[in-house]
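In what follows, a structure is listed as structure tokens, so that the remarks can point back to it.
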Amino acid sequence: MSHNQMRIFKPIIRATFIKSLLQTPIPSTYRFCYLITYYICFLYLVLFSLSGNSLFAQSYYFRHYQVEDGLSNNTVYCSELDRHGFLWLGTKDGLDCFNGYNFKEYRSGDSTKALKDSYIRSLYIDTSSQRDILYIGTRIGVFRFDPLKEEFDYLLKTKAVVNGLTKDNNGRLWMISNKKVICLDLEKRKVLPIDAVKRLEATAVCNTPDGNIWIATAAGTIHKITTHTTGNISIENHNVFENNPQLGPKWIERIFSLRNGKILIGTSNFGAKLFDPDSNKLKSLITYNSEHNGIFARDFKEIGDSVIWMATESGIYIYNIQTGTYQNITQKTGDSYSLSDNAVYTLTIDKEGGVWAGTYSGGLNYYAHPYSNFEKYYSGQQTDAISGNVVREIAQDKYGDLWIGTEDGGLNRINSRTGKIKRFIATGKSTDISYPNIHALLAFGDTLIIGTFEHGLDIMDLRTEKIVGHFPEKTKTSDEQSSLKSTFIVSLCRTPDKNIYVGTRLGIYQFYPHKDVNGRNFEPIIPELSGAFIHTMMLDSKDRIWIGTMGNGLYCYTPSTGSLQKFTHDPDRETSIGNNWITCTYEDNLGRIWIGTEGGGLCLQNLNPDSTDVFRKFTVQDGMPANTVYKILQDDKGFLWISTSRGLVRWNPLFTKKDIYTTANGLLSDQFNYNSGFKDASGKLYFGCVKGMICFNPNSFSDSKFTAPLYITSVQAEGKEIANWNNILENQFLEDKNRDKTPHYIDIPHKKSSITIEFAALSYTAPEMIQYQYKLEGLDKNWTYLSSNRKVYFTNLSPGEYKFRVKATNVSGKWNDKETTLYIRILPTFWESNMAMVLYTIIGLAIVGFLFRSYHDRQKEKNKRIVEHMAYIKEKELYEAKLDFFTHVTHEIKTPLTLIKAPLEKITKQIDSYPTINKYVKMIQRNTARLIALSEQLLDFRKTEVAGYKLNIKKIDIRHLLKELQPDFKALAKEKNIKFKMILPDEEVIIEADKDALTKILTNLLDNGTKYAEFKLESGLEKDEVSNNIIFYTKNDGPLIDEENKDRIFEPFVRMETAQSSSGAGLGLSLCRRLAELHQGSLYIDTKLQGFNKFILTLPITQKAIQNQI
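Counting with my numbering, you get residues 89 to 1198 for the letters of the sequence shown.
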């Protein structure tokens, strides 16, 4: 990678070579020749050093935008940035406007206000007025474009491509077409004749800060055109190649004015030159590329006072005018962060200092200003790329070289002096690593121990870079092999007394490279961890080893004493460790132990001095991006750097705020890897992820001070752009002093009251990091936070006036107090308009008259209802009095009846010897029982009326109960010559009910049937599986009850006229219905059955939770 090139210290090599020349003994006969050789070599090396700075300069990583991202075409000829920060691009197939998130395309169309040619070859933005105006050069001429009105004006037709555009201080537009200079008076829309430049084969044009126009030609000349106050034009000629006549084409592709008035000249074959108009001196900057071919320079941009970016056919050159050094940035095959194409046509610098590079076939490239400068190591086809993607282990040897172990590509060594990368892969040879999946590295002295996945340990000699040992050895006996239960080496640790501990998938072992007293290389230690997955081991400042396991928690082991302390997660204890899956441990500069977990967040141990088993947890609720922590490091300023599964965190534990870095800030991936990180002696931090490794100096980080301008970019109603929104929003693009403070409303019809508002803060460095807040006054009471979305939707807004307010942060998360506003007016429907109000008034008066006229009728109706209510009250009082009377009488009668019943039963037992009076006594007995039953019935009814009847729910076989009742009613029916039939199922029918209440219901229904039947009485029991109910019915052929009285017969004390001859008080059916309802059932009569009265009882088989009384 280019990062590695910056570490190639070739001047050291050159200095060493010169020193060897000076120290070499020189024979006197050849001393002169040696001196000549020495000076030639010294001069060559000095020149080579100056021209070769590109080999070890800083790294440049580019973001790419192509047609798949919304770009009109991958050929970008020209680019400009307007005063607001929008980037305008001219491509082979349209004009694009980019806001950092999406591209807005303008292509040729049939409208009179549309662009007529999509081939855009040149752009110029006029910022001299209050609003920016674009001038666009195409194959058929020049167009003027107003971005707010989105209208194109066809200014001038040409027969060839317009290659260059600029404007002078007199309001004239200068352009190059078909090698001719054209000067257009914009006010008169007229081409001005300029005799002085008619014969020039013009190729490029620019204006300078002093107001002069410069023309370049195909013959290698440049010409200064000055317009005098008299209106006369003079020309000053300069031959670029006059003092350095090179062979070949002298075509000048581009001229560019620096802020100091000097002119940069880009040629087609001889690179870039710098011309000073004050001294008329010309200087060649860069002529040839690394392949010794002439450089074709197409564009320039000035950064600061001394740095020039050059767009060429050989990539980008970054040239320092003061030192004369440069760096060449080119495309690298397979490198997704390099230039996408070496043919760079245009350069633009945005307000944050980022550089945009348009290429011929690679689309648009962006180099962001490095607020957070992450150097990247990743896999690729280049020789200076690492050999794998998933970086697991990072270690540094005594020579300062870095060793990178990957899980998919073997081992890499980064030379600290040259920056070169050497790869070590598994080839099967005994001197090469045994397996490409590496999980642990330990460097000490001239030894590197390498832990692999299921292939044991490799021992490398750092001097020879060869594997000199592999453990366990394949020649070991079965007994010796059994000492190491797993060859999956996960972690390594070396103590101050030089003991080496090996963490495996199945416990911890002490490693003896030269075998122990028992002849073994591995000796198991800590029996409590014999089957544990030892994920990480860390030696702290007290020589304790912190051991993190996967699933078994955290352990603290003291080798000197053998003591072992265990920490596990307890869901019932808030101060326990986050969970038992430990990914990493770290001791900070205050001696505190930090623990990373998988899913349990970040933990800080021993906040309580009296207890070590106390942990404080930090999770997503505390501002962490994820609950999985992979690695913890601390920089020299005390900040913790924490790699997670969703980005990198920078955190000062003294404060709550956490800075989160993602791919938007330059990371290779948001997901890092287990326990993969390292801090070198210089303070640089390294973190491994699933796509390589990043390296950075924390001290070089800076927060962005740039405040991104925030604009509303689109207003849509029902999915279509509102016609007049551009005119309304023109106000937001004006400077504060020119801005109209009067609210200008966008009027939206009520039928289109569902609107979409889109906005963008123009920051290109990391637009994904910008956050937004909005509020619609008139609808919202509070601000609504948006983490990424830039569109807000409002549905079916009510008629009225609204104020939309939006604000944003910068890329560092700092909120900008300056808001952007939009005033919206939702127009009312016709029914809410003024005309509708008049109609409503007329209708209202008519309604008032109608109401007044009907007042008397309502009063009359009210009086009638009062009379009816009084009648109802009297009737109710009468009913209550009647019921109370019957109840009182019943109580008075029941006592003497009970007293009569007992002696009567004794008489009945002895009456058989007196046959003459036997029948009379039995008659008295029957009527006494009847009176007692009637009394109890009345009392039961009274209980149901006053909510005092309690149910005793039990499981009852209703079929068995009916069988018990059947003989009595069958005998009664026979006495009355009634044909009685009872239909029962073959199997028992169990229901949940109160037996006493159920018996009363069935007895009353059967008694009612025998009482009123003439010839036939039928009853039956059915089971409805669908509704989970039982149905019991009785039907008789007695006097039919009509439809009008089918509910009335269930009222208390009601008896039909046809039933007056029968005895009874009219309470039986009323009581039955009340008891049925208490059982969550029903009782009703079916009058539709021809010739029969059918009473139907429905009861649920199982009772839901019911009250014991009503």
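All C-beta atoms, glycine included, are put in the ideal place defined by N, C-alpha and C. Please read all numbers here as calculations on a predicted model, not as lab measurements.
In this chain, the beta strand (DSSP E) harbouring Leu-580 covers 577-582. Take Cys-271, set aside five residues on each side of it, and the residues of its chain with a beta-carbon closer than 6 angstroms to its own are Arg-260, Trp-262, Leu-280, Ile-282, in chain order. Bridge pairing for Met-625: Ile-635 [DSSP]. For the pair Lys-204 and Phe-233, the Cα-to-Cα distance works out to about 12 angstroms.
Between Tyr-165 and Gly-446, the C-beta gap is smaller than 9 angstroms, which places the two residues in contact. The residues Trp-682, Ile-720, in chain order, have a CB closer than 6 angstroms to that of Tyr-674 in the same chain once the five nearest residues on each side in sequence are set aside. If the five residues before and after Asn-715 are omitted, its C-beta is found closer than 7 angstroms to the C-beta atoms of Gly-687, Gly-688, Gly-689, Thr-707, Val-708, all from its own chain and listed in chain order. Around the C-beta of Arg-501, 16 or more other C-beta atoms lie within 10 Å, and the residue is accordingly described as buried. When the alpha-carbon of Asn-162 is set against those of Leu-175, Asn-257, Gly-182, the nearest one is in Gly-182. Distance from Val-1077 to Lys-1099 at the Cβ level is roughly 26 angstroms; contact not present, criterion being Cβ atoms closer than 8 angstroms. Proximity of the stretch 764-774 to the stretch 483-498 meets the contact definition, three or more beta-carbon pairs being nearer than 8 angstroms. Short of 6 angstroms from the beta carbon of Asp-723, and not among the five residues preceding or following it, lie these beta carbons of its own chain, in chain order: Pro-786. Here the stretch 236-253 does not lie against the stretch 305-314, with fewer than 3 beta-carbon pairs under 8 angstroms apart. Per DSSP, Pro-1188 is not a residue of any alpha helix (DSSP H); the beta strand (DSSP E) it occupies stretches across 1181-1188. The beta carbons of His-527 and Val-578 sit closer together than 9 angstroms. The closest CA to that of Arg-386, considering only Thr-421, Ser-210, Leu-335, Leu-536, is found on Ser-210. Spatial neighbours of Asn-761 in its own chain (CB-CB distance under 7 angstroms, excluding positions within 5 residues in sequence) are listed in chain order as Val-478, Val-479, Arg-480, Tyr-718, Gly-776, Cys-777, Val-778. Inclusion of Ser-475 and Gly-507 in the CB contact set at 9 angstroms is not warranted, their separation being larger than that value.
When Lys-879, Thr-844, Leu-773, Ser-265 are compared, the shortest CA-CA separation from Gly-229 is found for Ser-265.
Boundaries of the beta strand (DSSP E) harbouring Thr-314: 309-315, taken from the DSSP string. For the pair Gly-726 and Asp-758, the CB atoms are not nearer than the 9 angstroms cut-off. The residue from Met-626, Ile-1119, Tyr-433, Pro-1188 with its alpha-carbon nearest to that of Ile-1173 is Ile-1119.
Secondary structure of Met-1011 (DSSP, three-state): helix. Burial is judged here by how many other beta carbons sit within 10 angstroms of a residue's own beta carbon; Phe-1183 has at least 16 and is buried. In the pairwise beta carbon analysis, the stretch 1042-1052 is classified as touching the stretch 1065-1084: at least three pairs are separated by under 8 angstroms.
Taking the C-beta atoms as reference points, Glu-616 is found no nearer than 9 angstroms to Ser-571. For the pair Tyr-212 and Gly-197, the CB atoms are not nearer than the 9 angstroms cut-off. Put simply, the backbone Cα of Ser-1107 is about 36 angstroms away from that of Lys-964.
For the 9 angstroms CB-CB criterion, Ser-167 and Leu-159 do not form a contact. For Glu-463, the enclosing beta strand (DSSP E) stretches over residues 463-465. Counting C-beta atoms within 10 angstroms of its own C-beta, Phe-191 has 16 or more neighbours from the protein chains shown and is therefore classed as buried. For Lys-1058, the enclosing alpha helix (DSSP H) stretches over residues 1046-1063. The three-state secondary structure of Arg-946, taken from DSSP, is helix. Ranked by Cα distance from Gly-636, the options Glu-865, Gly-684, Leu-885 are led by Gly-684. Of the residues assessed, Arg-608 falls on the buried side of the cut-off, its CB having 16 or more other CB atoms within 10 angstroms. A straight line joining the alpha-carbon of Lys-255 with that of Asn-295 spans about 7 angstroms.
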